[in-house]
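To keep things clear, I will list the structure first and then write my remarks on it.
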Amino acid sequence: MRATIIIPVYNVEKYLKRCLDSVLDQTIDDYEIICVNDCSPDGCQDILEEYENKYSSKMKVLENEENMGQGRSRMRAVEIAQGDYILFVDSDDYVARDYIETFLKYADYDMVIAGYTKDVEGKLVVHDVIESPWTLVCYPVACCKMYRKAFLLEHGIDFSEVRVGEDIYFTLALFCCNAKTKFIHYFGYYYYLNQQSTTQSLNYDGKHERYVSVMFGKILEKYPIDVLDTKKQQMVEYAYVANMVNALITYGHGCKPRLMREKYTFFREDLNEKFPNYRKNPYYRVIGMVGPNSKIKWGVSVTMHMIKIGLGWPMYWLISLI
105 MRATIIIPVY NVEKYLKRCL DSVLDQTIDD YEIICVNDCS PDGCQDILEE YENKYSSKMK
165 VLENEENMGQ GRSRMRAVEI AQGDYILFVD SDDYVARDYI ETFLKYADYD MVIAGYTKDV
225 EGKLVVHDVI ESPWTLVCYP VACCKMYRKA FLLEHGIDFS EVRVGEDIYF TLALFCCNAK
285 TKFIHYFGYY YYLNQQSTTQ SLNYDGKHER YVSVMFGKIL EKYPIDVLDT KKQQMVEYAY
345 VANMVNALIT YGHGCKPRLM REKYTFFRED LNEKFPNYRK NPYYRVIGMV GPNSKIKWGV
405 SVTMHMIKIG LGWPMYWLIS LI
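Residue numbers (the numbering used here): 105 to 426.
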């Protein structure tokens, strides 16, 4: 029973050594580390070569010939991984000394899900994981989790080629394939809030709602949800709406009415095309659900209620002015 830590690397020279030091300083010895340099423009390759030379028995470095994005870089490493279990770590984050050992205690599962600790300029805030089916679709991170490699390969689970929301695609693929899952209340993954990351730098000009549409289109194409039971179909639909609402509100507020009208119209048309029976979904409510955080539940509930009574556009018109 062996684990492989996979670290995609891009433009993180400032944080890379901290990350590598943490994954090398573990309470167990039998594991491997695969770093993938995704054509990083800074000094990351020099750091990677330094560490690979020093820890050649444990660490391997791959260099992409072209920039592939985080998801495809991860999957390139999965293909050559020698471990039975896969753990992803982002190169600006870091982990506790007992990180690998803790996850491997639950190696009977296809996926193990843990909480994390957010590091905001040295201020640490613990985020626990809720044991709920809804967590499987509303906790869309690839890190803070462990995966059985054989399960990923057997079901062809990978990351979307859409570079925004790759983790959402990966999370939903696992959900659609019914991964046997264990939740653990452990916080040994330290998520560093890097304001320069892809997600943090998005704005309303990036048309984030289009990325959501393409990503879910690929999910529905590869994993037809009509083979799932009704509840799971509606949960996938809920995840779609939650991500669309996040795209419109988080990355669209203040964009002015003309652009918001374009975004909102796209959402409504895309919703009708992908989920024509969305009005029958009983989960568009605040109470009765355990898993999504309050922001998600209120955003989805209010949006879908306003759409139902014909006031969806007036609400988003107001959001476009704020």
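Quick reminder that beta carbons are idealized off the backbone N, C-alpha and C, glycines included.
key: Spatial distance of lysine 164 from aspartate 134 (CA atoms)   = Along the sequence shown, read from residue 1 onward, the residue named residue 164 stands at position 60. Along the sequence shown, read from residue 1 onward, the residue named residue 134 stands at position 30. Those two C-alpha atoms are separated by around 14 Å.
ask   = Under three-state DSSP, which class holds threonine 131?
value = If you number the sequence shown from 1, residue 131 lands on position 27. Three-state result, threonine 131: coil.
task = Give the straight-line distance between the Cα atoms of leucine 166 and isoleucine 138, rounded to the nearest whole angstrom.
result = As a working note, residue 166 is residue 62 in the sequence shown. As a working note, residue 138 is residue 34 in the sequence shown. Answer to the nearest angstrom: the Cα atoms are 7 Å apart.
inquiry  = Pop quiz: valine 340 and methionine 408 are said to be a contact at Cβ under 8 Å. What is the actual Cβ separation, rounded to whole angstroms?
reply    = Within the sequence shown, numbered from 1, the residue matching residue 340 stands at position 236. Within the sequence shown, numbered from 1, the residue matching residue 408 stands at position 304. Their Cβ separation, rounded to whole angstroms, is 15 Å, which puts valine 340 and methionine 408 out of contact at 8 Å.
message = Using CA atoms only, rank isn't needed, just tell me which of Arg267, Ile353, Arg362, Gly356 is closest to tyrosine 315.
response = On the sequence shown, position 211 is the one that residue 315 refers to. Comparing Cα-Cα distances from tyrosine 315 to each of Arg267, Ile353, Arg362, Gly356, the minimum goes to Arg267.
ask   = Can you give the Cα-Cα distance for lysine 118 and leucine 332, rounded to whole angstroms?
value = As a position in the sequence shown, residue 118 is number 14, starting the count at 1. As a position in the sequence shown, residue 332 is number 228, starting the count at 1. Approximately 45 Å, taken between the alpha carbons.
query = Are there 16 or more other CB atoms within 10 angstroms of the CB of lysine 209, so buried, or fewer, so exposed?
reply = Walking along the sequence shown from the start, residue 209 turns up at place 105. Flag for lysine 209 reads exposed.
request  = Counting only the same chain and skipping the five closest in sequence on each side, list residues whose C-beta sits under 8 Å from that of leucine 306.
outcome  = As a working mapping, residue 306 is identified with position 202 in the sequence shown. Below a pLDDT of 50, predicted positions are generally treated as unreliable, and leucine 306, at 48, falls in that range; no measurement from the model is reported.
ask   = Between threonine 206 and the rest of its own chain, which residues show a CB-CB distance below 7 Å, the 5 nearest in sequence each way excluded?
value = The residue labelled residue 206 in the question sits at position 102 within the sequence shown. Closer than 7 Å at the Cβ level, and outside the excluded window around threonine 206, lie Tyr290, Gly292.
query = So what's leucine 191 in DSSP terms, helix, strand or just coil?
reply = Within the sequence shown, the letter at position 87 stands for residue 191. Residue state, collapsed to three classes: strand.
request  = Using only alpha-carbon positions, find the residue among Tyr203, Ile204, Tyr198, Arg252 that is nearest to aspartate 223.
outcome  = Looking up residue 223 in the sequence shown gives position 119. It is Tyr198 whose Cα lies nearest to the Cα of aspartate 223.
message = Quick check on valine 230: buried or exposed, where buried means 16 or more other Cβ atoms within 10 Å of its Cβ?
response = In the sequence shown, the residue the question calls residue 230 occupies position 126. So valine 230 counts as exposed.
ask   = Is there contact here, the segment 275 to 284 with the segment 235 to 252, by at least three beta-carbon pairs under 8 Å?
value = yes
task = Let me know if lysine 227 comes out buried or exposed under the rule of 16 or more other beta-carbons within 10 Å of its beta-carbon.
result = Counted from its first residue, the sequence shown places residue 227 at position 123. That one is exposed.
key: Which residues DSSP lists as bridging threonine 221, in chain order   = Position 117 of the sequence shown, counted from the start, is the residue given in the question as residue 221. In DSSP, threonine 221 forms a bridge with Val230, Tyr294.
request  = Reducing DSSP to helix, strand and coil, say where isoleucine 109 ends up.
outcome  = Position 5 of the sequence shown, counted from the first residue, corresponds to residue 109. DSSP places isoleucine 109 in strand when its eight states are reduced to three.
task = Determine which residues share a DSSP beta bridge with lysine 252 and list them.
result = The residue you call residue 252 lines up with position 148 of the sequence shown. Correcting the residue identity first, residue 252 is arginine in this sequence and not lysine. In DSSP, arginine 252 forms a bridge with Tyr189.
task = Label glutamate 270 either buried or exposed according to how many other C-beta atoms from any shown protein chain fall within 10 Å of its C-beta, with 16 as the threshold for buried.
result = Position 166 of the sequence shown, counted from the first residue, corresponds to residue 270. Flag for glutamate 270 reads buried.
query = Which residue from Lys326, Ser405, Met215 puts its Cα closest to that of serine 264?
reply = Within the sequence shown, residue 264 is the residue found at index 160, counting from 1. Closest by alpha carbon: Lys326.
ask   = Rounded to the nearest angstrom, how far is the Cβ of alanine 283 from that of aspartate 214, given a contact under 8 Å?
value = As a first step, residue 283 is located in the sequence shown; it is residue number 179 there, counting from the start. As a first step, residue 214 is located in the sequence shown; it is residue number 110 there, counting from the start. Indeed, because the Cβ distance is near 4 Å, the residues count as touching under 8 Å.
key: Beta-carbon proximity check, cysteine 248 vs tyrosine 220, cutoff 7 Å   = Within the sequence shown, the letter at position 144 stands for residue 248. Within the sequence shown, the letter at position 116 stands for residue 220. Their beta carbons are under 7 Å apart, which means cysteine 248 touches tyrosine 220 by this criterion.
message = Output needed for glycine 173: all residues of its chain with C-beta closer than 6 Å, excluding positions within five of it in sequence on either side, in chain order.
response = Sequence index remark: in the sequence shown, residue 173 carries index 69 (1-based). Answer for glycine 173: Arg267, listed in chain order.
ask   = Going straight from the alpha carbon of serine 177 to that of alanine 218, what length do you get?
value = Here residue 177 is taken as the residue at index 73 of the sequence shown, counted from 1. Here residue 218 is taken as the residue at index 114 of the sequence shown, counted from 1. The straight-line gap from Cα to Cα measures roughly 23 Å.
ask   = Leaving out five residues before and five after asparagine 347 in sequence, what residues of the same chain have Cβ atoms less than 6 Å from its Cβ?
value = Against the sequence shown, residue 347 aligns to sequence position 243. If we look at asparagine 347 and ignore the five residues flanking it on each side, its Cβ neighbours are Val316.
ask   = Which one or two residues does DSSP pair with phenylalanine 366 in a beta bridge?
value = Indexing the sequence shown from 1 puts residue 366 at position 262. In the sequence as presented, phenylalanine is not what sits at residue 366; that position holds glutamate. Answer is none; glutamate 366 lacks a bridge partner.
request  = Using the DSSP secondary-structure output, state which residues sit across from tyrosine 198 in a beta bridge.
outcome  = Position 94 of the sequence shown, counting from 1, holds the residue named residue 198. Looking at the DSSP assignment, tyrosine 198 forms a beta bridge with Tyr294.
message = Can you tell me which residues form a DSSP beta bridge with valine 394?
response = Here the question's residue 394 lines up with position 290 in the sequence shown. DSSP output for valine 394 lists no bridge partner at all.
ask   = Between valine 406 and chain C, is there a C-beta pair that is closer than 7 Å?
value = Protein chain content of the structure displayed is limited to a single chain, and chain C is not contained in it.
message = Please tell me whether glutamine 149 and asparagine 141 are closer than 7 Å, where the distance is taken between their beta carbons.
response = For the purposes of this step, residue 149 is taken as the residue at position 45 of the sequence shown. For the purposes of this step, residue 141 is taken as the residue at position 37 of the sequence shown. Cβ atoms of glutamine 149 and asparagine 141: closer than 7 Å.
ask   = Beta-carbon separation of alanine 107 and glycine 187 under 7 Å?
value = As a working mapping, residue 107 is identified with position 3 in the sequence shown. As a working mapping, residue 187 is identified with position 83 in the sequence shown. Yes; because the gap between Cβ atoms is below 7 Å, this pair is in contact.
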